[in-house]
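A.B. asks: This is the structure I have questions about; it appears just below.
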Amino acid sequence: MIIGIDKLGFYTPPYALDMETLAEARGVEPAKYTIGIGQTQMALVPITQDIVSMAANAAQTMLTEEDKSAIDMILFGTETGIDHSKSAAVYLQNLLGLSNRVRAAEIKHACYGATAALQLAKGHIMLNPDSKVLVIASDIAKYGLNSGGEPTQGAGAVAILVSANPKLISLDNATSFFTDDVMDFWRPTYAAYPYVDGKYSNEQYIRFFEQVWTDYKEKTGLDFKDYAALCFHLPYSKMGLKALKPLLEEEDAAVQDRLLARYQEGTIYNRLVGNIYTGSLFLSLISLLENSQSLSVGDRIGFFSYGSGAVGEFFSGQLVEGFQEHLNQEMHKDLLEQRQALSVEEYETMFADTIQVTDQEQDFTDRPDSSHFRLAGIKDHKRLYSASGNKLFK
Ligand code: CAA
1 MIIGIDKLGF YTPPYALDME TLAEARGVEP AKYTIGIGQT QMALVPITQD IVSMAANAAQ
61 TMLTEEDKSA IDMILFGTET GIDHSKSAAV YLQNLLGLSN RVRAAEIKHA CYGATAALQL
121 AKGHIMLNPD SKVLVIASDI AKYGLNSGGE PTQGAGAVAI LVSANPKLIS LDNATSFFTD
181 DVMDFWRPTY AAYPYVDGKY SNEQYIRFFE QVWTDYKEKT GLDFKDYAAL CFHLPYSKMG
241 LKALKPLLEE EDAAVQDRLL ARYQEGTIYN RLVGNIYTGS LFLSLISLLE NSQSLSVGDR
301 IGFFSYGSGA VGEFFSGQLV EGFQEHLNQE MHKDLLEQRQ ALSVEEYETM FADTIQVTDQ
361 EQDFTDRPDS SHFRLAGIKD HKRLYSASGN KLFK
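Terminal number for the sequence shown in the UniProt record's numbering: 394, no gaps in between.
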């Protein structure tokens with residue numbers, strides 16, 4: 001049975017900060033952010049968006065009524081959970097008007113959660129070929145003002161519809177994974193921001209890529225020459241290159257040129273959004289598919305997923321007949337271009353505008369946000385979402 005990615009949806013909030021502007025305010029040479037780290041803008045998240053509303057906004061752009069009635073599982077990958085108990089997947093079931101006959105759960109392991117979800121979804125489709133699974137990757141990356149990780153912040157969600165006979169990519173059965181208990185990046189339940197050992201996290205990312213790539217190559221016999229493109233988890237757009245380049249050195253020039261050119265196409269959107277943790281790998285895939293003129297049916301794409309802490313996985317897929325007809329270049333271009341550019345002062349004000357721990361009702365309806373789904377407020381410690389047309393969900 002052919003199982004894979006049927007559709008991809010993406011959402012990022014309607015505000016952004018230019019990295020040169022941030023560099024100037026932080027007294028840093030702008031080229032460090034734009035070239036050294038490789039980021040042009042970062043997405044800014046208003047109080048009206050959280051992982052649930054962003055996921056709903058990403059999913060609603062791609063789901064038809066037929067998809068909705070076929071979905072019987074929602075797996076929500078995130079490391080920005082809004083509740084220690086209730087899963088974000090349940091809110092989404094309600095917001096999207098999906099059937100109550102769905103299995104809904106949240107999956108966590110840092111930036112790897114959505115890859116775990118994708119692999120579990122494959123198994124579910126194998127047993128239930130007529131079903132579809134909605135996999136979500138939705139996160140807000142915040143390291144704190146003036147922190148080392150500040151230039152790698154971002155926010156956004158990717159929605160992935162997994163099915164038999166997919167319209168975009170068939171996923172290969174072979175995968176290669178590696179787990180090791182390292183403290184490179186973690187966020188205790190009491191902390192608003194992660195603790196991160198930046199340089200060590202880079203080294204672990206590179207080590208994990210070597211591990212899973214070598215293992216995958218041995219398992220499958222597939223080598224760099226067999227790939228049209230490779231997509232990486234991108235905490236910032238330079239990270240994947242640091243892992244890839246040393247291993248590519250032995251390859252002939254044509255293979256190197258091809259994979260490096262596709263890598264750049266796979267970073268175009270990520271450069272404008274920043275790190276979206278679970279969704280970064282899949283945003284890179286969307287960027288590649290929507291910006292490359294060099295891909296054809298049957299091309300194999302490799303994926304490296306990394307979640308600090310740490311888990312890494314390498315897996316592959318092939319583009320299926322007609323994939324070009326199921327992309328949303330214009331919609332995503334508009335989403336990115338129509339964002340409002342904020343000043344550093346406005347960014348810092350937005351950053352500090354957070355949900356309060358209080359028994360009082362909080363109303364966010366006066367904050368401007370033209371997105372379809374938004375967080376409208378909090379009442380009795382319950383999040384209230386609304387959709388365009390003012391439909392209120394509780
Ligand atoms: N012009 C051009 N380049 C410049 C420059 C200039 N004027 N100034 C500096 N640079 C380059 C540096 O040479 C360096 O390049 P290389 O890495 O190729 O050597 C790059 O800019 C970054 O400079 P530094 O290493 O000095 O930057 P830093 O100390 O501020 O740390 C960081 C960078 C480690 C990425 C930090 O932003 C951070 O901690 N980020 C969060 C953690 C992270 O993203 N880790 C990635 C792996 S973990 C993961 O993938 C999971 C996840 O999502 C968090």
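Glycine included, every Cβ here is placed at the ideal spot set by N, Cα and C.
Report buried or exposed for residue 31, applying the criterion of at least 16 other Cβ atoms within 10 angstroms of its Cβ.
C.D. replies: exposed
A.B. asks: Against chain C, does residue 57 count as a neighbour if the rule is that its beta carbon must be under 8 Å from one of theirs?
C.D. replies: You won't find chain C in this structure, because it holds only one protein chain.
A.B. asks: Between which two residues does the beta strand (DSSP E) holding residue 172 run?
C.D. replies: Where residue 172 is concerned, the enclosing beta strand (DSSP E) stretches over 169-179.
A.B. asks: By Cβ distance below 6 Å, which residues in the same chain neighbour residue 133 in space, the five residues on each side in sequence not counted?
C.D. replies: 73, 121, 124 and 162
A.B. asks: For residue 244, which residues does DSSP report across the bridge?
C.D. replies: Residue 244 is not bridged to any residue.
A.B. asks: With respect to 7 Å, is the separation between the Cβ of residue 35 and the closest non-hydrogen atom of the ligand CAA below this value?
C.D. replies: True, at least one ligand heavy atom lies under 7 Å from that Cβ.
A.B. asks: Taking only the alpha-carbon atoms, compute the straight-line gap between residue 253 and residue 56 and give it to the nearest angstrom.
C.D. replies: 43 Å
A.B. asks: Leaving out the 5 sequence neighbours to the left and right, which residues in its chain are closer than 7 Å to residue 208 when beta-carbon positions are compared?
C.D. replies: 178, 306, 310 and 312
A.B. asks: Using three-state DSSP, classify residue 19 as helix, strand or coil.
C.D. replies: helix
A.B. asks: Report the option in 193, 251, 185 and 256 whose CA atom is closest to the CA atom of residue 200.
C.D. replies: 185
A.B. asks: So residue 106 is in the beta strand (DSSP E); what residue range does that whole segment cover?
C.D. replies: Here the beta strand (DSSP E) through residue 106 covers 103-107.
A.B. asks: Quick check on the DSSP output: what are the complete alpha helix (DSSP H) runs of length 4 or more inside the region 25-99, in order along the chain?
C.D. replies: Runs found: 51-60, 65-70 and 88-95.
A.B. asks: Would you say residue 195 touches the ligand CAA, meaning its beta carbon is less than 7 Å from a heavy atom?
C.D. replies: No, Cβ of residue 195 sits at least 7 Å from all heavy atoms of the ligand CAA.
A.B. asks: Apply the 10 Å Cβ neighbour rule to residue 79 and answer buried if 16 or more other Cβ atoms are within range, or exposed otherwise.
C.D. replies: buried
A.B. asks: Just verifying my parser: in three-state terms, what is the DSSP assignment at residue 114?
C.D. replies: helix
A.B. asks: Whole angstroms are fine: how far does the CA of residue 231 sit from the CA of residue 46?
C.D. replies: 29 Å
A.B. asks: Mind checking who residue 139 pairs with in its DSSP beta bridge?
C.D. replies: For residue 139, the pairing in a beta bridge is given by DSSP as 156.
A.B. asks: According to DSSP, residue 306 sits in a beta bridge with which residue or residues?
C.D. replies: 312
A.B. asks: Does DSSP put residue 198 in a helix, in a strand, or in coil?
C.D. replies: helix
A.B. asks: Between which two residues does the beta strand (DSSP E) harbouring residue 271 extend?
C.D. replies: DSSP places residue 271 outside any beta strand (DSSP E); the residue lies instead in the alpha helix (DSSP H), whose first and last residues are 268-273.
A.B. asks: Return yes when at least one heavy atom of the ligand CAA lies under 7 Å from the C-beta of residue 24, else no.
C.D. replies: no
A.B. asks: Is it the case that the CB of residue 181 approaches a heavy atom of the ligand CAA more closely than 7 Å?
C.D. replies: No, since every heavy atom of the ligand CAA falls outside the 7 Å radius drawn around the Cβ of residue 181.
A.B. asks: Determine the closest residue to residue 284 out of 137, 96 and 59, with distance taken between C-alpha atoms.
C.D. replies: 137
A.B. asks: Cβ atoms of residue 15 and residue 339: under 8 Å apart, would you say?
C.D. replies: yes
A.B. asks: Output needed for residue 174: all residues of its chain with C-beta closer than 8 Å, excluding positions within five of it in sequence on either side, in chain order.
C.D. replies: 216, 219, 220, 315 and 316
A.B. asks: Spatial neighbours of residue 351 within its chain, please: CB distance less than 7 Å, with the 5 preceding and 5 following residues excluded, ordered by chain position.
C.D. replies: 145
A.B. asks: Just reading off the alpha helix (DSSP H) that residue 334 is part of, what are its end residues?
C.D. replies: Annotation for residue 334: the continuous alpha helix (DSSP H) segment containing it runs 329-337.
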